[in-house]
Structures are given as structure tokens and as C-alpha cells.
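Engineer: Residue numbers (the working numbering), protein chains in the order written: chain A, 350 to 1021; chain B, 50 to 225. We treat Cβ as the ideally placed atom computed from N, Cα and C, and that holds for glycine. Pasting a structure here, questions to come.
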């Protein structure tokens, strides 16, 4: 974290300028190395609390060096500087991660593993520590369907590797924890408007309030719409299919609401998203260039109570409720001609969790906890509208409960042992035990080595087990699906760089057994989920985070190899990834320039190979362009790179082209 | 990726990097700002047993992120007492008027639990690890997106024999 300095300041003028430059609640400080602290100590406390600072993720290095994983933290400053509009944009810049998009949802891959047709069920997405993966698809919403507007995000913590020892199902490849802002960090009224290519526009507002007794309220709402582009698919290039052009079908619109309230030891969080996306790809066998859209709504409510019962005992209790509804409307060819079909799902769930953190034993921190919950509705349905014909009507529910314990033991010689185990029981699946062991050693004050072993599982979800539709683009149920499991071994070396920053090197071996995979059934030609024998992922990642001068640099390279049990290379599994994120101020102004480069090597698809790419995104942020107003301009895919992702079996296409170059401008205003 | 496109991409990134480097302006580490905060906390705190013109010992862990910035304040006057940064582990031999803890530091047993042997102002930089020991400081420095805030626990301060001025309390984010 750094304090920025206006250019060309003479030392004798600094203090006067500090005060003069303060613009009500935000000001910048003039200071250089040497006598910084003495000068800062001459500033009254009233003005110290108003100094705006630039955040660097490296401030978390000390905490993360003791974490039993190679944790990466992205901050609100990163979100601003690089113009990220979705969680997918942010996560795509992490070491070893990659994102695909089929113009309906965004999909996350890690360490050479991304199964087209899976809705991010191998990642656990938490909002303020509360699970958001739904009860039918286990979907982690990371695209424009995301639960929280990115301007309301304070921090994104990504913990790679298996997290089932603490969190249970779904935490196979990592846990994403999104920490939202509070009223204290966003006081008063804020509003923003934005516009971009292909008739994209967005409006958002928030109000934050905080009292010294700890009472805190934040309410935020946003609404967006995008016309989208007409997309050409050669697979449908016939005269009766509009020569392969899907016209006016790429639209996207939605809204988000966030409400947070906290007082004393209680915290309440409510999230809501409603998004409708046009689908131009004719996926799942719909007639090409006919109206096709998906609508996703999700609402979450969580109440938490945290109390330090004694200096050695902290207790946390939480209850949460969630609902998710999905609706897809498309036109299919039937015997009687084109027919509108509706596919959908309703999920409802609630849960209670409790955990205690005990620090009474010398050199130890023990976390012990349990949770229980019910997926009250896991309903799926499908029907033709006219003539009305019910194709699928499936209602399910499930109970789940779990117990876990984790112990962090500090030993002489700079050793930390982190051991944990969790027992999960589900009414619709077999019981699971997930262990984890991490041995950390501080070789020097700057160097840490971590040896990690972990195991995680994922129960097959209702969609994979019970979704059955006859006919073209349909699917088969498979009630005999078994949970898939991953066992991982990893070594991580972390080096804290003098000044501010750190370098990380990790090597891993992941073994996945009973992998749940979507494939086309040879007999019927329908989509079906089956357990494959196993798959392996081996690889290495090198990452660097560095703050030097006013610049912030994050760079990483990854080498990875994902193979199925037969030894064949996994599809959508790039062997190499490289990323650079650089944020630097512009001379003579408060403006900041964020440049981003995300590269991937080629990947195997179902029918061939899809080429590698390097995509660059540029964002210019100009604070106080008007009194109380900040402006940002972004150019995404700046060099207009043509690239594509591997499509799942639900598509006639082998690959789906990604978005071409787009412009985006945003103006944010603070009311005083 | 075609070689030409690869070249232009590399050139773009290199150009931006160089532009950024040449345009970089001077700045100061946030530790300096936090040290200035702690200096102000000391200014607005009262030690009942304080002897004028004696040194004000500020104890911290030399491996912590604030150590260098605290040392830079050495010799500066705090209400007539000279600031001296000392090693926290030497507390038995050196009196501590202020203890500065990093997020991973445990509060020393000598000043833990019940009334402190001598009045001491305990400042924690950030919340304790995963909530453990989060209430064991009179003042906690809190990072938020763009600012640094602080929370005051007057009960904890009273147990440690410290009184705060109303000016300090007025500017705190939370007062307990």
C-alpha cells in the first residue's frame, strides 16, 4: 500500500500542499523516502484519516505466507485499475487459471482442468464466507450473472487446491471468497453510469452509513443491458439459416441488489441477481437464429453472529438461506413444426453452521465446527408450450451435515503444521472423509516452503443425475453417478522481496478419480454424465507480485499437463499460460494506466485443436475528472485478437469465438 | 497467435511498462502512514504515571512491517517525551509505553489479562489472525480500500491504564 505524491514538490512546500490538495474526504500526500515519517507526524490526525492510499495486494503477503496454500488476494484497487466487470475477468488473471465463455455463462478452469458442460461446480464460491453454489447445478456464478456488482467488492481471495477439509463438497480446485464492502468503506451516496460497445450500458448506486458504535449499513443496486453483436457461425451457413448469422440474439441484461447491515456481533447480508442472456449459438439443439435465452435469478440471505467469548475462545454461528431459479426458452423442431420449449430448475436451500476458534493451547490454534442443511427443492422441469407437453418433471430434496476440525500447530525451528479433516454426510450420496495436511517451514525470515497434501470431493448434482430429455439435444439421466474425488500433492516456495512484493513457485500433482464427465451416449446420441476412470494434472506455476515505485506488477507463468486415464490429453487444457498485470500512474496527473495481458497456448477440442491466444486489456482511470467524479476508460481485447474456446457436447460447433475488441467508459460520482 | 500479433502485443506491453517506469512518481510506504497514526495515538493518550522529559518507549517486533517506519520517528517529541523505538522481546529489561503488534504477533504475556503491570498503549496493525485475539488491543489500525482507519476499545485501554482524549475518540471508526 502506497501513498501517492503530486509531482514536482519542493520539500518545504510539501505540508502546505498536502493540506491544500485535500479534497474533502480524499487527498494525496507529498512525501519521499528519508524523512517521510517525520513529515507525516506533523499532519493533524483529522487529515491523516482522510489520506487516500493506493492498495497493494502484497500487504497480505505476511498473512498468506502462513496459509496452508498459495493464496492470492485481489483488491478493489485491482478491480478499478484493470476495469474488471465480472469475477471471471478478475480470476482469469490468477496464476494457472483460465476462463472460457460460450456467450451464455463464463466458465473457470484451473491447473489444466476445465470440463465444457460443467457450470463451475468444481469451485466453491463464497460471498462473505457463505456458500453460493446452488442446489441443482452447483453453479458458481462468475460472469455477468454474478451475484455481486464488482464495484461492491472489497477483496477477492482465491485459495487454490482442495478445500473440502474445511468446506466440504465442490472445493476441488479452489475456494473463491468474495469479500464485499461495508458502509464504513463507502460512506454516503454514490452513483455511476457506464456505456460501451454493442449498446452496453449500466447504472449503479449505493448508500453507506456507519456509526461509532459499530452499526453499519450498505445498500447497493445496479442495472445493466447490452445489445450484443450479430455472430456468424459457419456450421449454420445455409440460406434458410440466415447464412450462419445469429442476429440480435447476443443480448444481455440484468440487475443486482446488495444489502448489508451489522451491529454489535451480528451481520446480515442479502444478495440478489436477475439476469437474462440471449443465446446466439443454437446450443442444446434449438433452431438456429430463433429466439433463445436463459434467465437466472439467485437470492441469498445470511445472518452471522461472531463473538470473542474469552481471549482464547471465539465463537461464530451462521444461518443462511438461498434460492436459485433457472429458465431457458428456445424453439425446437418437432414433428408438427417449430415448437417453443421451456427448460428450467428451482433450487431452495438453507443451512446452519457453527465453529469455534480455540487459541488456549500454547502454539496452537484449533478450529472445530459443524454444519447442517437441507436442499429443500432440487426441481427440474421441461415442457413444450404448444401443444403443451411435459417432457421432464423431477422433484428432489436432500439433507446434508458435516463435522470438521482443523489444528494449526507452531513448532520450534519455524515449522507450522496445519492439519484438518472433515466428515460429510448427504442423504443422496455416500459419506465422505476429506483430510488435509500442510507442513510449512520458514527457512529464513523471507523464505517459506510449504508441503501440501489434500483430498476433496464433489457429489454429483441433481442436474447431472436426473436431467433427462428425449429427442434432439436431449439428455439421459444417470442415477448411478458416484462422487468424484481429487487427491493433491503440492510444494510451494514463497520468497518475500525486499521492499514490497513476493515471488511464488509451486509444483503439483493432482489425481482425480471417478471424474464426472459429460459425453454423448453412443446408442442414443443423447448427452449423459458418466464417471470416467481417472485424470491427472501435473504442473508448475511461477508468480511474482511487486510494488516498485508507484507501479504495481503481477505476473505469472504456468506449465501444466492434464491427461485422462487412457493417457490422452484432456480437452480445453492449455499446456502453458502467462499473465501480466501492470498498473502505473501517468506523469503529471492523478490518472492511472492499467494494462493486462492474458495468454494461453493451444488446446485440444472434441474434434481438433483450438489455437492459442494473447489478449490485452487497457484501462485508464482518471480520478476527480470533475469535482467528486472519477472517470475510467477501458479497451478490452485491445488488439482485436480472434480466439475461441472449446464447446461442450451441447453445441454443434467445435469451438465458440470470444468477444472482439470493445470499448467501455464509466463515470462514478460521490454525492456530498 | 501469429508472430506479427505476438510482436505487437509484446511491444504494447513493453511500451506501457517503460512509459509507466519513466512516469513513476515518488511515493511512500503505507507503513510510514501507520507510524504517523501511532505517533498521533501517543499524542492523544495519557499515561497516569508519565514522568515528563523521560523517553517514550515504543516496542515492536523488528521483523514486523512497521519497524523501520517506527524507528524513523526516533527522537521526536511526544508531549515533551522523546520517542524511542525498542525491541518488544526485550520488554523485561526495557519499559514499554507503547506496544505495536502486527497481525501475526501475539500480545506478550506480561501485559496480557487483567490490569497491566505498568500503563501501556497497545496498538494492533490489522485484526488478529482469523479473529483470534482480536480484542487484545486498545487501538486497532484497519485497512480499507482507500484509507486507513482505527478502532478504539476504551475498556481495553482502561485495563491497560491508558486514557484517550475526546479528539482521538471522535475520529475513530468504532469506539467500544
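Does the distance from the C-beta atom of residue 84 (chain B) to that of residue 126 (chain B) stay below 8 Å?
Structural biologist: If you number the second chain from 1, residue 84 (chain B) lands on position 35. If you number the second chain from 1, residue 126 (chain B) lands on position 77. Cβ atoms of residue 84 (chain B) and residue 126 (chain B): not closer than 8 Å.
Engineer: Rounded to whole angstroms, how far is the Cβ of residue 830 (chain A) from the Cβ of residue 741 (chain A), which I believe are closer than 8 Å?
Structural biologist: For the purposes of this step, residue 830 (chain A) is taken as the residue at position 481 of the first chain. For the purposes of this step, residue 741 (chain A) is taken as the residue at position 392 of the first chain. Contact flag wrong, Cβ pair sits at about 17 Å.
Engineer: On the CB-based measure, 16 or more other CB atoms within 10 Å of its CB, does residue 449 (chain A) come out buried or exposed?
Structural biologist: Reading the first chain from its first residue, position 100 is the one you call residue 449 (chain A). By the neighbour-count criterion, in which a residue is buried when 16 or more other Cβ atoms sit within 10 angstroms of its Cβ, residue 449 (chain A) is buried.
Engineer: Assuming residue 485 (chain A) contacts residue 696 (chain A) under a Cβ cut-off of 8 Å, what Cβ separation, rounded to an integer in Å, is found between them?
Structural biologist: Here residue 485 (chain A) refers to the residue found at position 136 when the first chain is read from its first residue. Here residue 696 (chain A) refers to the residue found at position 347 when the first chain is read from its first residue. Right, the Cβ-Cβ distance comes to about 4 Å (below 8 Å), so this counts as a contact.
Engineer: So, under 8 Å CB-CB, residue 803 (chain A) and residue 837 (chain A) are touching, yes? Tell me the CB distance rounded to an integer number of Å.
Structural biologist: On the first chain, residue 803 (chain A) is found 454 positions in, with the first residue counted as 1. On the first chain, residue 837 (chain A) is found 488 positions in, with the first residue counted as 1. The pair is a contact, with the Cβ atoms about 5 Å apart (cut-off 8 Å).
Engineer: If we ignore side chains and look at the alpha-carbon of each, how far apart do residue 502 (chain A) and residue 528 (chain A) end up?
Structural biologist: The sequence position of residue 502 (chain A) within the first chain is 153, counting from 1. The sequence position of residue 528 (chain A) within the first chain is 179, counting from 1. Taking the straight line from one Cα to the other gives about 6 Å.
Engineer: Can we say the region 663–674 of chain A touches the region 515–522 of chain A, given the rule of at least three CB pairs closer than 8 Å?
Structural biologist: no
Engineer: Name, please, each residue of chain D whose Cβ falls closer than 9 Å to the Cβ of residue 129 (chain B).
Structural biologist: The structure shown contains no chain D; the protein chains it does contain are A and B.
Engineer: From what residue to what residue does the alpha helix (DSSP H) around residue 428 (chain A) run?
Structural biologist: The residue you call residue 428 (chain A) lines up with position 79 of the first chain. Residues 425–431.
Engineer: So with CB distances below 8 Å, who are the chain A contacts of residue 94 (chain B)?
Structural biologist: Looking up residue 94 (chain B) in the second chain gives position 45. Result: empty, since nearest Cβ-Cβ is about 12 Å, beyond 8 Å.
Engineer: Whose Cβ in chain B lies nearer than 9 Å to the Cβ of residue 397 (chain A)?
Structural biologist: What you label residue 397 (chain A) is simply residue 48 of the first chain in a count that begins at 1. Here the neighbours are 82, 85, 86, 89, 197 and 220.
Engineer: Which whole runs of the beta strand (DSSP E) in the region 517–599 of chain A are 3 residues long or more, in chain order?
Structural biologist: 523–529, 537–545, 549–559 and 565–575
Engineer: Residue 1020 (chain A) and residue 538 (chain A) look like a contact to me (Cβ under 8 Å); what is the Cβ gap, rounded to whole Å?
Structural biologist: Within the first chain, the letter at position 671 stands for residue 1020 (chain A). Within the first chain, the letter at position 189 stands for residue 538 (chain A). That pair is a contact at about 4 Å.
Engineer: If you reduce the DSSP assignment to three classes, tell me which class residue 394 (chain A) lands in.
Structural biologist: The sequence position of residue 394 (chain A) within the first chain is 45, counting from 1. Here residue 394 (chain A) sits in helix by DSSP.
Engineer: Quickly, what does DSSP pair residue 713 (chain A) with across the bridge? List them, please.
Structural biologist: Position 364 of the first chain holds residue 713 (chain A). For residue 713 (chain A), which the question treats as bridged, DSSP gives the partners A:758.
Engineer: Answer yes or no: does any C-beta atom of chain B fall closer than 8 Å to that of residue 1018 (chain A)?
Structural biologist: What you label residue 1018 (chain A) is simply residue 669 of the first chain in a count that begins at 1. Not one chain B Cβ lies under 8 Å of residue 1018 (chain A).
Engineer: Whose Cβ in chain A lies nearer than 9 Å to the Cβ of residue 112 (chain B)?
Structural biologist: For the purposes of this step, residue 112 (chain B) is taken as the residue at position 63 of the second chain. Those within 9 Å of residue 112 (chain B) in chain A are 794.
Engineer: So within the region 918–1003 of chain A, which uninterrupted beta strand (DSSP E) runs reach at least 3 residues, ignoring any that extend past its ends?
Structural biologist: 925–934, 941–949, 962–975, 978–985 and 993–995
Engineer: Would you say residue 126 (chain B) faces chain A, with C-beta separation under 8 Å as the test?
Structural biologist: For the purposes of this step, residue 126 (chain B) is identified with residue 77 of the second chain, where counting begins at 1. No, residue 126 (chain B) lies away from the interface with chain A (no Cβ there is under 8 Å from its Cβ).
Engineer: Cα-Cα, which of A:418, A:460 and A:451 is closest to residue 906 (chain A)?
Structural biologist: In the first chain, counting from the first residue as 1, residue 906 (chain A) sits at position 557. Taking only the C-alpha atoms, the option nearest residue 906 (chain A) is A:460.
Engineer: With DSSP run on the structure shown, which of helix, strand or coil describes residue 746 (chain A)?
Structural biologist: For the purposes of this step, residue 746 (chain A) is identified with residue 397 of the first chain, where counting begins at 1. In this structure, residue 746 (chain A) counts as coil in the three-state DSSP scheme.
Engineer: Under 8 Å by Cβ, that's how I've got residue 585 (chain A) and residue 886 (chain A) pegged, so tell me the actual separation to the nearest angstrom.
Structural biologist: Working through the first chain from its first residue, we reach residue 585 (chain A) at position 236. Working through the first chain from its first residue, we reach residue 886 (chain A) at position 537. That belief does not hold up - the Cβ atoms of residue 585 (chain A) and residue 886 (chain A) are roughly 35 Å apart, past 8 Å.
Engineer: Here's a check: name, in chain order, each residue in its chain whose Cβ is nearer than 8 Å to the Cβ of residue 222 (chain B), leaving out the five neighbours to either side.
Structural biologist: Taking the first residue of the second chain as 1, we reach residue 222 (chain B) at position 173. The answer, listed in chain order, is 191, 198, 199 and 200.
Engineer: For residue 627 (chain A), which option in A:595, A:651 and A:617 has the closest C-alpha, if you only look at C-alpha atoms?
Structural biologist: Against the first chain, residue 627 (chain A) aligns to sequence position 278. Per the Cα distances, A:595.
Engineer: So is residue 196 (chain B) buried or exposed if we call it buried at 16+ other beta carbons inside 10 Å?
Structural biologist: As a first step, residue 196 (chain B) must be located in the second chain, where it is residue number 147. Around the beta carbon of residue 196 (chain B), a 10 Å sphere encloses 16 or more other beta carbons of the protein chains shown; the residue is thus reported as buried.
Engineer: Which class does residue 728 (chain A) belong to by DSSP, given the choice of helix, strand or coil?
Structural biologist: Looking up residue 728 (chain A) in the first chain gives position 379. Residue 728 (chain A): strand per DSSP, three-state reduction.
Engineer: Between the region 783–795 of chain A and the region 766–773 of chain A, can you find at least three pairs of beta-carbon atoms closer than 8 Å?
Structural biologist: By the Cβ test, the region 766–773 of chain A is in contact with the region 783–795 of chain A, since at least three Cβ pairs between them sit closer than 8 Å.
Engineer: Below 8 Å CB to CB, which residues in the same chain sit around residue 738 (chain A) once its five sequence neighbours on both sides are set aside?
Structural biologist: One-based indexing of the first chain puts residue 738 (chain A) at position 389. Closer than 8 Å at Cβ, skipping near neighbours: 732.
Engineer: Indicate the three-state DSSP secondary structure (helix, strand or coil) for residue 120 (chain B) in the structure shown.
Structural biologist: As a first step, residue 120 (chain B) must be located in the second chain, where it is residue number 71. In this structure, residue 120 (chain B) counts as helix in the three-state DSSP scheme.
Engineer: If we require 3 or more residues per run, which beta strand (DSSP E) segments fall completely within the region 824–889 of chain A?
Structural biologist: 833–845, 850–862, 865–869 and 876–880
Engineer: Which residues in the same chain have their Cβ closer than 7 Å to the Cβ of residue 1007 (chain A), if we skip the five residues on either side of it in sequence?
Structural biologist: In the first chain, residue 1007 (chain A) corresponds to position 658, counting from 1. Here the set comprises 450, 992, 993 and 994.
Engineer: Taking 6 Å as the limit between beta carbons, can you name the residues of its chain near residue 1013 (chain A), skipping five residues before and five after?
Structural biologist: Residue 1013 (chain A) sits at position 664 when you count from the first residue of the first chain. Correct list, in chain order: 545 and 983.
Engineer: Under 8 Å between C-beta atoms, does residue 559 (chain A) make it to chain B?
Structural biologist: Mapped onto the first chain, residue 559 (chain A) falls at position 210. Chain B has a Cβ within less than 8 Å of the Cβ of residue 559 (chain A).
Engineer: Please work out which residues of its chain come closer than 6 Å, Cβ to Cβ, to residue 566 (chain A), disregarding the five sequence neighbours upstream and downstream, and give them in chain order.
Structural biologist: The residue labelled residue 566 (chain A) in the question sits at position 217 within the first chain. The answer, listed in chain order, is 532, 558 and 610.
Engineer: Just reading off the alpha helix (DSSP H) that residue 442 (chain A) is part of, what are its end residues?
Structural biologist: By 1-based counting over the first chain, the position of residue 442 (chain A) is 93. Boundaries for residue 442 (chain A): no alpha helix (DSSP H) harbours it, and the DSSP string shows neither H nor E there.
Engineer: If residue 915 (chain A) and residue 877 (chain A) are in contact, beta carbons under 8 Å, what's the gap, nearest whole angstrom?
Structural biologist: On the first chain, residue 915 (chain A) is found 566 positions in, with the first residue counted as 1. On the first chain, residue 877 (chain A) is found 528 positions in, with the first residue counted as 1. Not a contact, Cβ separation roughly 19 Å.
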